[in-house]
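Using full-length UniProt numbering, you'd call the opening residue of the sequence shown number 1 and step up by one each time. Heads up, the beta-carbon is just placed ideally off N, CA and C, and yes, glycines get one too. Here the structure is a predicted model, which means the values were calculated and not measured.
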Amino acid sequence: MRIAVAGGTGTVGSYVVEAARGRGHEVVVLSRSAGVDLMTGAGLDAALAGVDVVIDTSNRQATSAKASTEFFTTVTRNLLAAEQRAGVPHHVALSIVGVDRAPYGYYAGKLAQERAVEAGPVPWTILRVTQFHEFAEQMLAGLTVAGLHVAPKLPTQPVAAREVGERLVELAERAPAGRAPEFAGPRRERLEDMIRRFAEATGVRGPILALALPGKQFQAMRRGEALPGPDAVLARQSFDEWLAERAASPRAVR
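Here it is, written out as structure tokens:
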């Protein structure tokens, strides 16, 4: 198959590219370095010639609902229009468990993306996944003030980004499925415990304060709105297994 990957240089996208090539597929990375601008649509027609499926892992971190919605709807509509012109028969989109239940600006954009895919002209598959194992690292970096690390108290069921990439390729090899079963990690965790274990394993210093943070997003997540349903497909790698690999890498935080 000839597979085009939007966001193919990002965290999940790079794993999609790796997995697709490992399974013998020809891969087209849709990126500015390759002459493709997803926001304007420039270069898409040429890049999608002969493509059998598009996997969209494009991303922009934005906490504003307006900015997030503008990005995801613009990119999705540009992709779908170009896919229709090129005769691409399958569009696969990556989304997040709980985007319709946890009020958060970034999630508003992902929900708008889902709706654009559903209303679009190309047969589709949408895969909702739980937070990545990297979530603990992101929270640790984003909630540190003057050496004090705040750890939000909430449940999560994190999944390895590499396995998400592999799952997306598996779905791309099949016929369009609409909403695929959710994809989650093998076990439920507490985010505050994950943050403590990450800090210890990677040598991060300073006190860690576990708090029930205010705001509708954190309240929803504490209620379990970002947890997978009973029919979710479970990945293999646990957070502790991922952490052992992460701590041993030269990129580990010190």
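| query | result |
| --- | --- |
| Backbone CA spacing between Gly147 and Pro181 [nearest angstrom] | 41 Å |
| DSSP-derived helix/strand/coil call for Leu38 | coil |
| Proximal residues to Arg65 (C-beta, below 6 Å), its chain only, five neighbours per side dropped | The amino acid occupying residue 65 in the given sequence is Ala; Arg does not appear at that position. Gly105 and Ala108. |
| Close Cβ partners of Val36 (< 8 Å) along its chain, the five nearest in sequence each way excluded | Leu30, Ala42, Gly43, Leu44 and Ala47 |
| 7 Å Cβ shell around Arg85 - same chain, five flanking residues per side excluded | Asp45 |
| Leu143 (DSSP reduced to helix, strand or coil) | coil |
| Nearest residue (CA-CA) to Ala141, options Gly185, Ala199, Ala184 and Glu225 | Ala199 |
| Host beta strand (DSSP E) of Glu30 (start-end) | What sits at residue 30 in the sequence shown is Leu, not Glu. Its beta strand (DSSP E) spans residues Glu26 to Leu30. |
| Top-ranked residue by Cα proximity to Asp193, from Lys153, Gln113 and Ala81 | Lys153 |
| Residue closest to Gly120, alpha-carbon to alpha-carbon, out of Thr76, Phe132 and Gly87 | Thr76 |
| Assigned exposure category for Val145 - 16 Cβ within 10 Å defines buried | exposed |
| Residue closest to Gln237, alpha-carbon to alpha-carbon, out of Ala184, Val122 and Gly24 | Ala184 |
| Whole-angstrom distance between Arg187 and Arg197, CA atom to CA atom | 16 Å |
| Given 8 Å, three or more beta-carbon pairs between the region 157 to 177 and the region 8 to 20 | yes |
| Supposed contact pair Val28 and Val53 - C-beta distance, whole angstroms, cut 8 Å | At roughly 11 Å, the Cβ-Cβ gap does not stay under 8 Å, so Val53 and Val28 are not in contact. |
| Close Cβ partners of Ser95 (< 6 Å) along its chain, the five nearest in sequence each way excluded | Lys110, Glu114, Ile126 and Arg128 |
| Supposed close pair Leu79, Leu38 - CB separation, criterion 8 Å | 7 Å |
| Within the region 187 to 223, ranges of the alpha helix (DSSP H) (whole runs, at least 4 residues) | 191 to 202 and 216 to 222 |
| Under 8 Å between C-beta atoms of Val150 and Leu211 | yes |
| Beta bridge counterpart(s) of Trp124 as assigned by DSSP | His91 |
| Nearest-angstrom beta carbon gap, Thr202 and Ala247 [assumed within contact, 8 Å] | 5 Å |
| Three-state secondary structure assigned by DSSP to Asp56 | strand |
| Close Cβ partners of Arg23 (< 8 Å) along its chain, the five nearest in sequence each way excluded | Val169 and Glu173 |
| Supposed contact pair Ala220 and Gly101 - C-beta distance, whole angstroms, cut 8 Å | The amino acid occupying residue 101 in the given sequence is Arg; Gly does not appear at that position. Sure, about 6 Å apart at Cβ, within 8 Å. |
| Residue burial classification, Pro228 (beta-carbon count within 10 angstroms, cutoff 16) | buried |
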